[in-house]
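Structure first, then comments.
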Amino acid sequence: MSGSAATIEELGIEHIPEDRRHGSAGRVFTLWFAANLTIADYVIGVLCVLAFGLTVYQSIPVLILGNALGGLTLGLSAAMGPRLGFPQMLSSRSSFGRRGNYPLGGLNWISTVGWFTVNTILGGEAVLAIWPSFNFYAAMVLLVALQVIIAVYGHDFIHLFEKIMSLILGVLFLGVLLLGLARLDAALSFVPANGSAAAASFGSIGVVLAVSFSYIMAWSPYASDYSRYLPVSTSGKRVALYALIGGATAS
91 MSGSAATIEE LGIEHIPEDR RHGSAGRVFT LWFAANLTIA DYVIGVLCVL
141 AFGLTVYQSI PVLILGNALG GLTLGLSAAM GPRLGFPQML SSRSSFGRRG
191 NYPLGGLNWI STVGWFTVNT ILGGEAVLAI WPSFNFYAAM VLLVALQVII
241 AVYGHDFIHL FEKIMSLILG VLFLGVLLLG LARLDAALSF VPANGSAAAA
291 SFGSIGVVLA VSFSYIMAWS PYASDYSRYL PVSTSGKRVA LYALIGGATA
341 S
């Protein structure tokens, strides 16, 4: 049975029956590619130099490693979706039990609200950067409303939206990349605030590694939510690979 992005999702946290399964593993790539190609990713890259004292040369390999490890956890979690057919947090009941899952659910809720707030604020700042006369709070209200509408329509609409955004954000990223390459010499010669291009400690490198890893890894509690509609016969390895490549490449 094929889904429709024009209708509101009927199913909630219950198991997805086989006759409601549809789609292919490839749609997982565009979802996680778009979800991780956002303003927050740019902020993490900037903080590597401005806050943690790494040079551009030092930041690149650390970010690649962190993104790869985080993408791996995301991929392994997403691979559970077709096989189990449950949302990620509900699946964890089999390991921690119903009551044991309550603290994890609470922590995940806090994380969700936190990232919702961060992305909304950064989105509001982006609106002001493009349209300075626009009211900041009005921008945030508009962004919240759009996010709620997308969430209400649910799974298939989210996949369609992210498929479109993967193209739009991909083009915008290429534009930013070209602008960055035009100023590459200045970026590579930038000396961090600590005063030395070689002064970055193992501690600061570890922090950047942890931040880049946790940024993608933080999606893991929702990973199978967006793959549980895939047919049971869908290859778990393909789902994991698409999620890994999509998430790690974008971040």
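Using the working numbering, read the sequence shown as starting at 91 and increasing by one per residue. Using N, Cα and C, we set each Cβ at its ideal position, and we do this for glycine too. Given the structure is predicted, the values throughout are model-derived calculations rather than measurements.
My output table needs one value for residue i: the three-state DSSP class, helix, strand or coil.
{"i": "residue 122", "result": "helix"}
{"i": "residue 325", "result": "coil"}
{"i": "residue 273", "result": "coil"}
{"i": "residue 245", "result": "helix"}
{"i": "residue 239", "result": "helix"}
{"i": "residue 339", "result": "helix"}
{"i": "residue 288", "result": "Caution applies to residue 288, whose pLDDT of 45 falls short of 50 and renders its modelled position unreliable; the model cannot decide the point."}
{"i": "residue 128", "result": "coil"}
{"i": "residue 114", "result": "coil"}
{"i": "residue 177", "result": "coil"}
{"i": "residue 149", "result": "helix"}
{"i": "residue 309", "result": "coil"}
{"i": "residue 98", "result": "coil"}
{"i": "residue 320", "result": "coil"}
{"i": "residue 103", "result": "coil"}
I'd like to check one pair, residue j with residue i: are the Cβ atoms closer than 7 angstroms?
{"i": "residue 233", "j": "residue 213", "result": "yes"}
{"i": "residue 320", "j": "residue 113", "result": "yes"}
{"i": "residue 273", "j": "residue 171", "result": "no"}
{"i": "residue 223", "j": "residue 313", "result": "no"}
{"i": "residue 304", "j": "residue 157", "result": "no"}
{"i": "residue 176", "j": "residue 105", "result": "yes"}
{"i": "residue 311", "j": "residue 198", "result": "yes"}
For the putative contact between residue i and residue j, defined by C-beta atoms under 8 angstroms, what is the C-beta separation to the nearest angstrom?
{"i": "residue 126", "j": "residue 337", "result": "5 angstroms"}
{"i": "residue 332", "j": "residue 115", "result": "5 angstroms"}
{"i": "residue 144", "j": "residue 294", "result": "6 angstroms"}
{"i": "residue 195", "j": "residue 179", "result": "6 angstroms"}
{"i": "residue 101", "j": "residue 111", "result": "With 8 angstroms as the limit, residue 101 and residue 111 do not qualify as a contact, their Cβ atoms being about 11 angstroms apart."}
For residue i, which residues from the same chain have a beta carbon less than 6 angstroms from its beta carbon, with the 5 sequence-adjacent residues on both sides left out?
{"i": "residue 174", "result": "181"}
{"i": "residue 169", "result": "326, 329, 330"}
{"i": "residue 307", "result": "160, 163"}
Leaving out five residues before and five after residue i in sequence, what residues of the same chain have Cβ atoms less than 8 angstroms from its Cβ?
{"i": "residue 149", "result": "135, 138, 139, 298"}
Tell me which residues share the same chain as residue i and place their Cβ nearer than 7 angstroms to its Cβ, disregarding the 5 neighbours each side in the sequence.
{"i": "residue 217", "result": "224, 229"}
{"i": "residue 98", "result": "242, 243, 244"}
Could you check whether the stretch 241 to 254 touches the stretch 118 to 125, counting it as contact only if at least three pairs of C-beta atoms, one from each stretch, sit closer than 8 angstroms?
Judged by Cβ distances under 8 angstroms, the stretch 241 to 254 makes contact with the stretch 118 to 125, as three or more pairs qualify.
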